[in-house]
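Novice:
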Amino acid sequence: MATATVANHDSAAHDHHDHEHHDNFVTKYIFTQDHKMIGKQFLITGMFWAIIGGFLSILFRLQLGFPGMDMSFLRPILGGWIDEAGALDPTFYLALVTMHGTIMVFFVLTAGLSGTFSNYLIPLQIGARDMASGFMNMLSYWFFFLSSVIMFISLFIKTGPAGGGWVVYPPLSALEQAIPGSGLGMTLWLVAMTCFIASSLLGGINYITTVINLRTKGMSFSRLPLTIWAFFLTAVIGLLSFPVLFAAALLLVFDRSFGTSFYLSDIYIAGEALPNTGGSPVLFQHLFWFLGHPEVYIVLLPALGITSEIIATNSRKPIFGYKAMIISMLGITILSFIVWAHHMFVSGMNPFLGSIFMFLTLIIAVPSAVKVFNYLTTLWRGNLIFTPGMLFSIGLVSFFISGGLTGIFLGNSAIDIQLHDTYFVVAHFHLVMGSASFFGLMAGVYHWFPKMFGRMMDAKLGYIHFWLTFAGVYLVFFPMHYIGIAGFPRRYYSWTNFEFANMYTDLNMFVSVAAIITFAAQFIFIFNFFYSMFRGRIASLNPWRSNTLEWTTPLHPGHGNWPGEIPTVYRWPYDYSKPGAEEDFIPQTVPLSATPESNLPHEQELVKLELEIMKEDEEVLVANESKH
Amino acid sequence: MESELKYVDLVEQPISMHPKKFALWLFIVTVVMVFAAWTSAFIVRQAEGNWLDYDLPQIFWFTSGIVILSSVALHWAYLSAKKDNFSQLRIGMSLAVILGICFLVGQWFSWIALVDSEVFFVGNPAGSFLYVLTGMHALHLISGLIFLIIVLISTFRYKVHSKSMDTMEMATTYWHFLGGLWLYLFMFLLLNH
Ligand code: HEM
Ligand SMILES: [Cu+2]
Numbered sequence: 001m002a003t004a005t006v007a008n009h010d011s012a013a014h015d016h017h018d019h020e021h022h023d024n025f026v027t028k029y030i031f032t033q034d035h036k037m038i039g040k041q042f043l044i045t046g047m048f049w050a051i052i053g054g055f056l057s058i059l060f061r062l063q064l065g066f067p068g069m070d071m072s073f074l075r076p077i078l079g080g081w082i083d084e085a086g087a088l089d090p091t092f093y094l095a096l097v098t099m100h101g102t103i104m105v106f107f108v109l110t111a112g113l114s115g116t117f118s119n120y121l122i123p124l125q126i127g128a129r130d131m132a133s134g135f136m137n138m139l140s141y142w143f144f145f146l147s148s149v150i151m152f153i154s155l156f157i158k159t160g161p162a163g164g165g166w167v168v169y170p171p172l173s174a175l176e177q178a179i180p181g182s183g184l185g186m187t188l189w190l191v192a193m194t195c196f197i198a199s200s201l202l203g204g205i206n207y208i209t210t211v212i213n214l215r216t217k218g219m220s221f222s223r224l225p226l227t228i229w230a231f232f233l234t235a236v237i238g239l240l241s242f243p244v245l246f247a248a249a250l251l252l253v254f255d256r257s258f259g260t261s262f263y264l265s266d267i268y269i270a271g272e273a274l275p276n277t278g279g280s281p282v283l284f285q286h287l288f289w290f291l292g293h294p295e296v297y298i299v300l301l302p303a304l305g306i307t308s309e310i311i312a313t314n315s316r317k318p319i320f321g322y323k324a325m326i327i328s329m330l331g332i333t334i335l336s337f338i339v340w341a342h343h344m345f346v347s348g349m350n351p352f353l354g355s356i357f358m359f360l361t362l363i364i365a366v367p368s369a370v371k372v373f374n375y376l377t378t379l380w381r382g383n384l385i386f387t388p389g390m391l392f393s394i395g396l397v398s399f400f401i402s403g404g405l406t407g408i409f410l411g412n413s414a415i416d417i418q419l420h421d422t423y424f425v426v427a428h429f430h431l432v433m434g435s436a437s438f439f440g441l442m443a444g445v446y447h448w449f450p451k452m453f454g455r456m457m458d459a460k461l462g463y464i465h466f467w468l469t470f471a472g473v474y475l476v477f478f479p480m481h482y483i484g485i486a487g488f489p490r491r492y493y494s495w496t497n498f499e500f501a502n503m504y505t506d507l508n509m510f511v512s513v514a515a516i517i518t519f520a521a522q523f524i525f526i527f528n529f530f531y532s533m534f535r536g537r538i539a540s541l542n543p544w545r546s547n548t549l550e551w552t553t554p555l556h557p558g559h560g561n562w563p564g565e566i567p568t569v570y571r572w573p574y575d576y577s578k579p580g581a582e583e584d585f586i587p588q589t590v591p592l593s594a595t596p597e598s599n600l601p602h603e604q605e606l607v608k609l610e611l612e613i614m615k616e617d618e619e620v621l622v623a624n625e626s627k628h
Numbered sequence: 001m002e003s004e005l006k007y008v009d010l011v012e013q014p015i016s017m018h019p020k021k022f023a024l025w026l027f028i029v030t031v032v033m034v035f036a037a038w039t040s041a042f043i044v045r046q047a048e049g050n051w052l053d054y055d056l057p058q059i060f061w062f063t064s065g066i067v068i069l070s071s072v073a074l075h076w077a078y079l080s081a082k083k084d085n086f087s088q089l090r091i092g093m094s095l096a097v098i099l100g101i102c103f104l105v106g107q108w109f110s111w112i113a114l115v116d117s118e119v120f121f122v123g124n125p126a127g128s129f130l131y132v133l134t135g136m137h138a139l140h141l142i143s144g145l146i147f148l149i150i151v152l153i154s155t156f157r158y159k160v161h162s163k164s165m166d167t168m169e170m171a172t173t174y175w176h177f178l179g180g181l182w183l184y185l186f187m188f189l190l191l192n193h
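Just so you know, the sequences run in chain order A and B.
Counting along the first sequence from 1, when you hit position 519 you're at 519 in our numbering, and nothing is skipped either side.
Counting along the second sequence from 1, when you hit position 48 you're at 48 in our numbering, and nothing is skipped either side.
1) Check the Cβ-Cβ distances between A:A248 and every residue of chain B, and say whether any is below 8 angstroms.
2) Measuring alpha carbon to alpha carbon, tell me which residue in B:F129, B:S128 and B:L141 is nearest B:G100.
3) A:V244 versus chain B: which residues are under 7 angstroms apart at the beta carbon?
4) For B:S154 and B:T167, which I take to be in contact (beta-carbon distance under 8 angstroms), what is that distance rounded to the nearest angstrom?
5) Does B:F26 have its Cβ less than 8 angstroms from a Cβ in chain A?
6) Between the alpha carbons of A:G472 and B:F27, how many angstroms are there, rounded?
7) Can you name the residues of chain B whose CB is closer than 9 angstroms to the CB of A:I208?
8) Quick one: is B:N192 buried, meaning 16 or more other Cβ sit within 10 Å of its Cβ, or exposed?
9) From A:T32 to A:F386, what distance separates their C-alpha atoms?
10) Just tell me which of A:G79, A:D83, A:S57 and A:L56 has its CA closest to the CA of A:M69.
11) Would a C-beta distance cut-off of 8 angstroms place B:K82 and B:M165 closer than the cut-off?
12) Return the first residue and the last residue of the alpha helix (DSSP H) that B:K82 is part of.
13) Using beta-carbon positions only, say whether A:F231 and A:Y207 come within less than 8 angstroms of one another.
14) Can you pull the chain B neighbours of A:H286, defined as C-beta to C-beta under 9 angstroms?
15) Would A:S670 and A:G164 qualify as a contact pair, given that the criterion is a beta-carbon distance under 8 angstroms?
16) Give the list of continuous beta strand (DSSP E) stretches no shorter than 3 residues that lie fully inside the region 544-586 of chain A.
17) Strictly below 9 angstroms CB to CB, what residues from chain B border A:S257?
18) With DSSP as the reference, label A:S315 as helix, strand or coil.
19) Suppose you measure from the CA of A:A539 to the CA of A:G454; what does that come to, to the nearest Å?
20) Within 7 angstroms: the Cβ of A:V432 and any heavy atom of ligand 2?
21) Say whether the region 242-259 of chain A touches the region 283-293 of chain A, bearing in mind that this needs 3 or more beta-carbon pairs closer than 8 angstroms, one atom from each stretch.
22) Which residues, taken in chain order from the region 44-64 of chain B, show a beta carbon closer than 7 angstroms to some beta carbon of chain D?
23) Tell me whether A:D317 is buried or exposed, calling it buried when 16 or more other Cβ atoms sit within 10 Å of its Cβ.
24) Can you give the Cα-Cα distance for A:P90 and A:L184, rounded to whole angstroms?
25) Reducing DSSP to helix, strand and coil, say where A:S532 ends up.
26) Measuring alpha carbon to alpha carbon, tell me which residue in B:A41, B:F60, B:G135 and B:L89 is nearest B:Y158.
27) Bridge partners for A:E272 per DSSP, in chain order?
28) To the nearest angstrom, how far is it from the Cα of B:M136 to the Cα of A:I150?
29) So, at 7 angstroms on beta carbons, what are the nonlocal neighbours of A:D421 in its own chain, with the 5 sequence-adjacent residues on each side left out?
30) Run through DSSP, which three-state label would A:R491 get?
31) Could you check whether the Cβ of A:H420 sits closer than 7 angstroms to any heavy atom belonging to ligand 2?
32) Let me know if A:R381 comes out buried or exposed under the rule of 16 or more other beta-carbons within 10 Å of its beta-carbon.
33) Who does A:I82 pair with in a DSSP beta bridge?
34) Output yes or no for whether 8 angstroms exceeds the beta carbon distance between B:A113 and B:I59.
35) Going by the beta-carbon positions, is the gap between A:I205 and B:A138 smaller than 8 angstroms?
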């Protein structure tokens, strides 16, 4: 139906303008409804935010590694946030941390990752002309853009951007008197996040509708690439959790601007009691983490899906445990909604409730471990081809293991008393969420760049980028475990006045230097990306010899993806190195009847059915042709 | 140009459900989640004590009746549209819209009654929650009203008939949902105050 409307719309436009209808600059690059262009818009915006977010982290790493250093050279950018002596303003430090978290979690790893690849790959890999609603899809991007503009403006206002941490706990975030960042900056944060939620929901509704309704013939759920499964479940998680963040944020807005007391109670400021009574700050934590924990999987699942695809392709082996992968993703989807209170073990929660959440949290490690196991067994004795995309995928698996292990410690409510809000947590989630998802994003870009732009990225630069980043990530985040176990708290501007923390000065300096090098290495990628876009080697149609449908489109697919019929799908996407087959890959569009030499016994039985269906198709096709 | 046309020419694809209708259901899911969040926050907060007890405005009983009647009228209109009975369709839809407006007015009076009994938006969260729940429901109802009015206008242009029921069906689904949502909220408030 939607494709039919697309068709009607296009042919109608065609009639009106009488052969003049061609996409002009605005409808092609700006207000486009083509899912491929929208995906690229998300990617470019995400990259922009990644640079900003990364830069902010360098600023606060400077303060952490070299406490009180003279930052006057940054005055041209930071202006009044550097005081006379050249030191960074402590409240601005908090704002930096807050904006770094918000930008990375939401703008880069949610919009930049899901937004890019769900949009780009869903129609291409399921065999659809476009998303269910191109208009909603366009709206989704522009809500994100609006949100970005507002968040960006908040960086430059006089009182600074929001400063209460990316989790914006009240009362800190609710009271303007608390820190400068809780004034206008926090208001803009809330407005921007509301637009962001609208964008995510519009996108998510579209992804789900498309995957369910617009699959091409033969593309049953058991033949979907794991990427699509991952994007689909990510959208489901988003659909169920983002509304809750909205609900929480709206009550916060009422507390901030209308004087209600949902989260505020019995607060004294400078000896004066505030009028608010009866509120509960823990209520906010519950609502926030009901989104917040699923959000970490919203960030991770698409990266895992991308990895499944790339690892299978470049190991020239079927993915190990396709069904187990789907089941564990389903398990993660469900479980991710019932573990949120592990972020609140020390909030004064009933310890019995804490044990329940501890138990549920440890269960979620099981499907995660199944996925890791399946990646490793897919790699095991494969004909590994180390493309940059493959390296980044393997890097993801490595981070997922090393970061996932620390999750098990944190999930124990007793151990978490020591570890909560220390650098141990920072190390945990930067490995398992931040770096793993970032590597998934990078893997995806390297892998699908030829499809996106019709050219290859430079592999050598890709390798350099990979090794610098891979080593850099471990050098930055691994030491943080130690300082975390020592009790070093996160979000502190200065720590040198604590006796126990003094001995870590060198370590912190080391981390900061590593961070700067890692950040600098990303510009190799940026260069490679834009250079290859215009000057890269022209790609072949299927450069990775992959099975999925997107590689059956022309080099520069038009709006509608396939000229002529949408291909029909006859097999799952992981027929790599099938015994008996001539080539080491059999694309999904090759009928079983064409490969008698490699069919398994049960597939041989399907051949008859397949031939019947193909005959019917033929008849429909002929009937269609005669209509025109 | 040629190639562009070829792209769209041969579109004929099996599709399981009208994607717009499906998307509407997904939207309804998000609204359910928003209200689920607020009602569970209500319970969590109430369990902590320091909770103002007050009587729910009696008007809620009337507005609940109105919302049911409005849904009935719309359903009648929907059935009439299926039978291409245009005069009944318009009467039914107009009735639904008018009753919808009456519901909103009724909700406004419930707020006046609340203020009269000293339950304010700003104050104990017990009261604030009531305003948020009714207010946000009213806001969604207004969006539903706008949708209904758009469909009502298109009925005068003969755009809704037995062969073109999609928007009408969607409007009906959304409106029934909003009515049901109110009944849920009212029951919830009756049971938890
Ligand atoms: C093996 C499974 C995992 C377990 C048992 C686990 C457990 C935990 C626990 C208990 C905390 C709270 C620590 C504290 O604040 O004291 C935590 C924090 C966090 N985890 Fe995990 N985790 C796991 C996997 C993941 C994954 C896969 C992601 C992301 C993709 C993730 C992202 C995060 C984030 C972002 C935080 C910190 C949030 C903040 O306070 O700002 N975790 N984890
Ligand atoms: Cu969590």
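Every residue, glycine too, gets a C-beta built ideally from N, C-alpha and C.
It should be emphasised that the depicted structure is a prediction, and the values quoted were computed from it without experimental measurement.
Specialist: Put simply:
1) Start at 1 with the first residue of the first sequence, and residue 248 of chain A comes out as number 248. Cβ-Cβ to chain B under 8 angstroms: yes for A:A248.
2) What you label residue 100 of chain B is simply residue 100 of the second sequence in a count that begins at 1. For the residues B:F129, B:S128 and B:L141, the minimum Cα distance to B:G100 belongs to B:L141.
3) For the purposes of this step, residue 244 of chain A is taken as the residue at position 244 of the first sequence. In chain order: M33 and A37.
4) Locating residue 154 of chain B in the second sequence gives position 154, where the first residue counts as 1. Locating residue 167 of chain B in the second sequence gives position 167, where the first residue counts as 1. Indeed, because the Cβ distance is near 7 angstroms, the residues count as touching under 8 angstroms.
5) Counting from 1 along the second sequence, the entry for residue 26 of chain B is found at position 26. Looking at the sequence shown, residue 26 of chain B is not Phe but Leu. Answer yes: the Cβ-Cβ gap between B:L26 and chain A drops below 8 angstroms somewhere.
6) Numbered from its first residue, the first sequence carries residue 472 of chain A at position 472. Numbered from its first residue, the second sequence carries residue 27 of chain B at position 27. Roughly 42 angstroms separates the two Cα atoms.
7) Mapped onto the first sequence, residue 208 of chain A falls at position 208. By Cβ distance, chain B contributes F22, A23 and L26.
8) For the purposes of this step, residue 192 of chain B is identified with residue 192 of the second sequence, where counting begins at 1. By the neighbour-count rule (16 or more Cβ atoms within 10 Å), B:N192 is not buried but exposed.
9) Stepping through the first sequence from its first residue, residue 32 of chain A is reached at position 32. Stepping through the first sequence from its first residue, residue 386 of chain A is reached at position 386. For A:T32 and A:F386, the distance between alpha carbons rounds to 35 angstroms.
10) The residue labelled residue 69 of chain A in the question sits at position 69 within the first sequence. Of the listed residues, the one whose Cα sits closest to A:M69 is A:D83.
11) Taking the first residue of the second sequence as 1, we reach residue 82 of chain B at position 82. Taking the first residue of the second sequence as 1, we reach residue 165 of chain B at position 165. For B:K82 and B:M165, yes; Cβs fall inside 8 angstroms.
12) The count along the second sequence starts at 1 and reaches residue 82 of chain B at position 82. I59 to K82 is the span of the alpha helix (DSSP H), which, as asked, contains B:K82.
13) Translated into the one-based positions of the first sequence, residue 231 of chain A becomes position 231. Translated into the one-based positions of the first sequence, residue 207 of chain A becomes position 207. A distance below 8 angstroms separates the beta carbons of A:F231 and A:Y207.
14) As a first step, residue 286 of chain A is located in the first sequence; it is residue number 286 there, counting from the start. Result: S40, A41 and V44.
15) The structure shown does not extend to residue 670 of chain A, since chain A is modelled only from 1 to 628, so the question has no answer here.
16) none
17) As a first step, residue 257 of chain A must be located in the first sequence, where it is residue number 257. Near A:S257 there are no residues of chain B at all, since even the closest Cβ is about 11 angstroms away, more than 9 angstroms.
18) For the purposes of this step, residue 315 of chain A is taken as residue 315 along the first sequence, with counting starting at 1. Three-state result, A:S315: helix.
19) Working through the first sequence from its first residue, we reach residue 539 of chain A at position 539. Working through the first sequence from its first residue, we reach residue 454 of chain A at position 454. Near 5 angstroms, if we compare the C-alpha coordinates of A:G454 and A:A539.
20) Here residue 432 of chain A refers to the residue found at position 432 when the first sequence is read from its first residue. At a cut-off of 7 angstroms, the beta-carbon of A:V432 does not count as near ligand 2: no heavy atom of the ligand is closer than that.
21) yes
22) No chain D appears in this structure, whose protein chains are A and B.
23) Position 317 of the first sequence, counted from the start, is the residue given in the question as residue 317 of chain A. Rather than Asp, the amino acid found at residue 317 of chain A in this sequence is Lys. Classification for A:K317: buried.
24) Working through the first sequence from its first residue, we reach residue 90 of chain A at position 90. Working through the first sequence from its first residue, we reach residue 184 of chain A at position 184. CA-CA distance, A:P90 to A:L184, rounds to 18 angstroms.
25) Here the question's residue 532 of chain A lines up with position 532 in the first sequence. Correct three-state label for A:S532: helix.
26) Against the second sequence, residue 158 of chain B aligns to sequence position 158. Ranking B:A41, B:F60, B:G135 and B:L89 by Cα distance to B:Y158 puts B:L89 first.
27) Indexing the first sequence from 1 puts residue 272 of chain A at position 272. DSSP, once it has assigned bridges, lists A:I269 as partnering A:E272.
28) Walking along the second sequence from the start, residue 136 of chain B turns up at place 136. Walking along the first sequence from the start, residue 150 of chain A turns up at place 150. Rounded to the nearest angstrom, the two C-alpha atoms are 25 angstroms apart.
29) Translated into positions along the first sequence, residue 421 of chain A becomes position 421. Closer than 7 angstroms at Cβ, skipping near neighbours: P489 and R490.
30) Along the first sequence, read from residue 1 onward, the residue named residue 491 of chain A stands at position 491. In this structure, A:R491 counts as coil in the three-state DSSP scheme.
31) Walking along the first sequence from the start, residue 420 of chain A turns up at place 420. Not so, every heavy atom of ligand 2 lies at least 7 angstroms from the Cβ.
32) The count along the first sequence starts at 1 and reaches residue 381 of chain A at position 381. Under this definition A:R381 is an exposed residue.
33) Residue mapping note: residue 82 of chain A aligns to position 82 of the first sequence, counting from 1. Answer is A:L88.
34) By 1-based counting over the second sequence, the position of residue 113 of chain B is 113. By 1-based counting over the second sequence, the position of residue 59 of chain B is 59. Yes, they are a contact pair.
35) Taking the first residue of the first sequence as position 1, residue 205 of chain A is located at position 205. Taking the first residue of the second sequence as position 1, residue 138 of chain B is located at position 138. The answer is no: Cβ separation not under 8 angstroms.
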